[in-house]
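**Q**
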Amino acid sequence: MKLNTLDQRPIYLQLQEGLENAILAGTYAEETQIPSTTELSRAFQINPATAGKGVNALVDEGFCYKKRGIGIFVKEGAREMLKKKRQAVFKETYLIPLIKEAKHLDISSEDLIRWIEEADDADN
Amino acid sequence: MQTIKVCDVSKNYGDVQALQQVNLELARGKIYGLLGRNGAGKSTLLKIIAERIKPSSGRVLYDGTPTLDDVTSREIYFSEPENTLPEMMKVKDFCYYTSQFYPRFNLDEALQLLKEFGINEKKRLNQLSTGYYAIVRSIVALQTRAGFIFMDEPTLGHDAVNRELLYDEILRIYREEQNTIVLSTHLIDEVSNLLEEVILLDHGRIILEDSLEGVMDTHSYISGLSEPVRQIAGMYTVIDKKEDLGFTTLLVKKSKDAPAAPALPSGINVSQAGLQDIFIAYCKNQDK
Numbered sequence: 001m002k003l004n005t006l007d008q009r010p011i012y013l014q015l016q017e018g019l020e021n022a023i024l025a026g027t028y029a030e031e032t033q034i035p036s037t038t039e040l041s042r043a044f045q046i047n048p049a050t051a052g053k054g055v056n057a058l059v060d061e062g063f064c065y066k067k068r069g070i071g072i073f074v075k076e077g078a079r080e081m082l083k084k085k086r087q088a089v090f091k092e093t094y095l096i097p098l099i100k101e102a103k104h105l106d107i108s109s110e111d112l113i114r115w116i117e118e119a120d121d122a123d124n
Numbered sequence: 125m126q127t128i129k130v131c132d133v134s135k136n137y138g139d140v141q142a143l144q145q146v147n148l149e150l151a152r153g154k155i156y157g158l159l160g161r162n163g164a165g166k167s168t169l170l171k172i173i174a175e176r177i178k179p180s181s182g183r184v185l186y187d188g189t190p191t192l193d194d195v196t197s198r199e200i201y202f203s204e205p206e207n208t209l210p211e212m213m214k215v216k217d218f219c220y221y222t223s224q225f226y227p228r229f230n231l232d233e234a235l236q237l238l239k240e241f242g243i244n245e246k247k248r249l250n251q252l253s254t255g256y257y258a259i260v261r262s263i264v265a266l267q268t269r270a271g272f273i274f275m276d277e278p279t280l281g282h283d284a285v286n287r288e289l290l291y292d293e294i295l296r297i298y299r300e301e302q303n304t305i306v307l308s309t310h311l312i313d314e315v316s317n318l319l320e321e322v323i324l325l326d327h328g329r330i331i332l333e334d335s336l337e338g339v340m341d342t343h344s345y346i347s348g349l350s351e352p353v354r355q356i357a358g359m360y361t362v363i364d365k366k367e368d369l370g371f372t373t374l375l376v377k378k379s380k381d382a383p384a385a386p387a388l389p390s391g392i393n394v395s396q397a398g399l400q401d402i403f404i405a406y407c408k409n410q411d412k
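Listed in order, the protein sequences are those of chains Z and A.
First residue of the first sequence: 1, per our numbering; consecutive thereafter.
First residue of the second sequence: 125, per our numbering; consecutive thereafter.
Quick look at the structure:
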């Protein structure tokens with residue numbers, strides 16, 4: 001994960017997304033511990049409060065839980081839940097703007113679907 | 125000491141008003157960025173807080189007390205970029221004498237760190253290059269582990285590699301001490317990841333004071349064709365405006381009840397503004 005000052009989104013959101021990606025990829029498996037706020041602060045050269053905010057967001061959204069005095073763990077079933085969340089985010093941040101822009105340019109839904117299939121074929 | 129409160133502080137140098145009725149409260153346990161252009165009044169404010177100079181009016185309260193005493197003055201360390209240190213003193217003696225005043229100073233650790241940077245502890249301070257002088261200044265400042273450490277232009281004289289090491293060291297000491305570190309600088313993008321709180325000073329006044337997240341959440345760019353942008357501009361506080369070739373870009377401050385991006389008419393683009401952009405917009409706005 002690389003936190004980028006030029007990426008104008010707040011650092012804690014970038015951190016949260018990076019941790020989510022690591023959970024999705026299985027780097028942090030379910031029922032295992034994720035790095036502590038101190039470790040994240042050191043590794044990414046960020047304020048510990050910012051690191052804490054990124055981690056707490058994962059707890060608040062129910063993907064992780066706190067074990068008192070030990071640390072933060074990935075919840076069982078977190079990967080599946082995360083996939084659902086990120087699919088919803090995908091719809092919001094990619095699909096809806098895409099459809100808006102397509103309408104703006106008079107591209108029909110049929111054309112769009114055909115292009116998606118063609119691009120998918122080319123990718124495989 | 126838990127808080128330092130700056131109350132209605134003004135400072136005049138002859139006709140020049142360096143500070144104008146500054147009010148500010150610094151809490152224990154945070155990293156602050158005191159940001160401002162050259163001549164904005166950053167150093168003057170820090171010198172007043174550290175009791176190096178007196179304000180023309182107003183006062184500073186340390187946990188409610190108007191002056192520093194033998195105990196509370198050990199809770200403050202002020203590191204200046206000017207050569208105010210005893211120049212004939214050897215590096216190791218400078219560390220030693222500072223450690224005698226600041227009880228939490230770890231002398232062995234400081235000397236070890238300086239050695240790793242390649243600094244000969246037997247050199248006198250005036251024999252050091254600008255870069256080495258800057259390293260000694262920063263390491264000693266952090267190593268005091270004082271409750272409130274003020275670093276005026278901490279990056280001055282450091283090369284890019286040493287700045288990175290300095291940022292690591294700032295965060296390390298902060299994690300260990302949970303103290304307050306105030307970084308006064310104009311290198312905004314570089315330090316922004318370290319900060320929890322932002323204080324923006326311009327022409328001797330505080331023009332913005334908030335948590336870093338608060339600043340980032342409430343400011344954004346709004347751009348698009350001039351006419352639709354003009355129609356919605358009234359919903360925001362416009363900090364900066366660029367108009368060219370029929371397009372307008374605004375840097376705005378949103379109030380809490382401002383409409384979310386999807387509620388805006390199509391063709392209007394909302395994007396996040398960086399701390400440096402926000403800083404520049406406010407300074408330009410003040411110049412008008």
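For each residue, glycine too, the CB sits at the ideal point set by N, CA and C.
Have a look at A/P352, A/N393, A/I346, A/R354 and flag the residue whose alpha-carbon is nearest the alpha-carbon of A/R374.
**A** First, the residue type needs correcting, since residue 374 of chain A is Leu and not Arg in the sequence shown. Out of A/P352, A/N393, A/I346, A/R354, A/I346 has the C-alpha closest to the C-alpha of A/L374.
**Q** Alpha carbon to alpha carbon, how far is Z/V74 from Z/L65? Give it in angstroms, no decimals.
**A** For the sequence presented, residue 65 of chain Z should be read as Tyr rather than Leu. If you take the alpha carbons of Z/Y65 and Z/V74, they lie about 7 Å apart.
**Q** Starting from A/Q126, find everything on chain Z with Cβ-Cβ shorter than 8 Å and list it in chain order.
**A** Going along chain Z, no residue has its Cβ under 8 Å from A/Q126, so there is no contact; the nearest lies around 17 Å.
**Q** Who does Z/Y65 pair with in a DSSP beta bridge?
**A** Paired residue(s): Z/F73.
**Q** For A/S180, I'd like the list of residues in its chain whose CB is within less than 6 Å of its CB, leaving aside the five on either flank, ordered along the chain.
**A** The answer, listed in chain order, is S134, K135, N136.
**Q** Give the interface partners of Z/R9 over in chain A, defined as CB-CB distance under 8 Å, in chain order.
**A** Here the neighbours are Q396.
**Q** Mind checking the stretch 331-346 of chain A against chain Z and listing, in chain order, the residues whose C-beta falls within less than 8 Å of any C-beta there?
**A** Result list: L336, E337, M340, D341.
**Q** Is it buried or exposed for A/F272, if we count other Cβ within 10 angstroms and need 16 for buried?
**A** That one is buried.
**Q** Between the stretch 314-331 of chain A and the stretch 150-160 of chain A, are three or more C-beta pairs nearer than 8 Å?
**A** In short, these stretches touch, since the Cβ pair count reaches three.
**Q** So with CB distances below 8 Å, who are the chain Z contacts of A/S262?
**A** By Cβ distance, chain Z contributes nothing, its closest Cβ being about 16 Å from A/S262, past 8 Å.
**Q** Please name the residue in A/M275, A/N409, A/D292 whose C-alpha comes closest to that of A/H310.
**A** If we check each option's Cα against that of A/H310, A/M275 comes out closest.
**Q** Go to A/V306, then tell me how far its beta strand (DSSP E) extends in each direction, as first and last residue.
**A** Note, A/V306: beta strand (DSSP E), 304-309.
**Q** For A/Y360, does the three-state DSSP call read helix, strand or coil?
**A** Coil, per DSSP.
**Q** Let me know if A/F202 comes out buried or exposed under the rule of 16 or more other beta-carbons within 10 Å of its beta-carbon.
**A** By the 10 Å Cβ count, A/F202 comes out buried.
**Q** Determine which residues of the stretch 80-100 of chain Z have a Cβ less than 7 Å from any Cβ of chain A, and write them out in chain order.
**A** For the stretch 80-100 of chain Z, which is checked against every Cβ of chain A, the residues closer than 7 Å are K100.
**Q** Identify the contact partners of A/E320 in chain Z, using a Cβ-Cβ distance below 8 Å as the criterion.
**A** Per Cβ cutoff of 8 Å: N47, A49, T50.
**Q** Nearest-angstrom Cα distance between A/S197 and A/E206?
**A** In a straight line, the C-alpha of A/S197 is about 21 Å away from that of A/E206.
**Q** Who are the Cβ neighbours of A/I363 in its own chain at under 7 Å, not counting the five residues just before and after it?
**A** Cβ within range, chain order: L375, V376, K377, A405, Y406, N409.
**Q** Which residues in chain A have a C-beta closer than 9 Å to the C-beta of Z/R42? List them in chain order.
**A** What Z/R42 touches in chain A: D292, L295, R296, R299.
**Q** Would you say Z/Y12 lies against chain A (beta-carbon separation less than 8 Å)?
**A** Interface residue, yes.
**Q** Classify A/Y226 as helix, strand or coil using the three-state DSSP reduction.
**A** A/Y226: coil per DSSP, three-state reduction.
**Q** Check distances from the C-beta atoms of the stretch 137-158 of chain A to those of chain Z and list, in chain order, the residues that come in under 8 Å.
**A** Residues passing the 8 Å Cβ filter: K154, I155.
**Q** Please go through the same chain and pick out, in chain order, the residues whose beta-carbon is closer than 7 Å to the beta-carbon of A/K171, but skip the five residues on each side of it.
**A** Once the five neighbours on either side are set aside, the close Cβ partners of A/K171 are I177.
**Q** In terms of DSSP beta bridges, what is A/H343 paired with?
**A** Answer is A/K377, bridged to A/H343.
**Q** Assuming A/I402 contacts A/V339 (C-beta within less than 8 Å), just tell me the rounded distance between them.
**A** Between A/V339 and A/I402 the Cβ distance is about 6 Å, and since that is below 8 Å, they are a contact.
**Q** Cα separation between A/Y256 and A/L169?
**A** Distance between the alpha carbons of A/Y256 and A/L169: 27 Å.
**Q** Got a sec, what are the start and stop residues for the beta strand (DSSP E) A/V195 sits in?
**A** That residue, A/V195, is in no beta strand (DSSP E); it is neither H nor E in DSSP.
**Q** Is the stretch 69-85 of chain Z touching the stretch 29-39 of chain Z, taking contact as three or more C-beta pairs under 8 Å?
**A** Judged by Cβ distances under 8 Å, the stretch 69-85 of chain Z makes contact with the stretch 29-39 of chain Z, as three or more pairs qualify.
**Q** Whole angstroms is fine: what's the gap from A/S262's alpha carbon to Z/L40's?
**A** Whole-angstrom Cα-Cα distance: 23 Å.
**Q** Run down chain Z in chain order and give the residues with a C-beta less than 8 Å from the C-beta of A/S390.
**A** K100, H104, listed in chain order.
**Q** Using a beta-carbon distance cut-off of less than 7 Å, what residues from the stretch 306-320 of chain A approach chain Z?
**A** Per Cβ criterion, the list reads D313, S316, N317, L318, L319, E320.
**Q** Report back the beta-carbon spacing between Z/G62 and Z/L19 to the nearest angstrom; my notes put them in contact at under 8 Å.
**A** Rounded, the Cβ-Cβ distance is 14 Å, inconsistent with contact.
**Q** Report the three-state DSSP secondary structure of A/T127 (helix, strand or coil).
**A** Note: A/T127 maps to strand in three-state DSSP.
**Q** Tell me which residues share the same chain as A/F241 and place their Cβ nearer than 6 Å to its Cβ, disregarding the 5 neighbours each side in the sequence.
**A** Closer than 6 Å at the Cβ level, and outside the excluded window around A/F241, lie I259.
**Q** When DSSP labels each residue in this structure, what does A/M212 get in the three-state scheme?
**A** DSSP places A/M212 in coil when its eight states are reduced to three.
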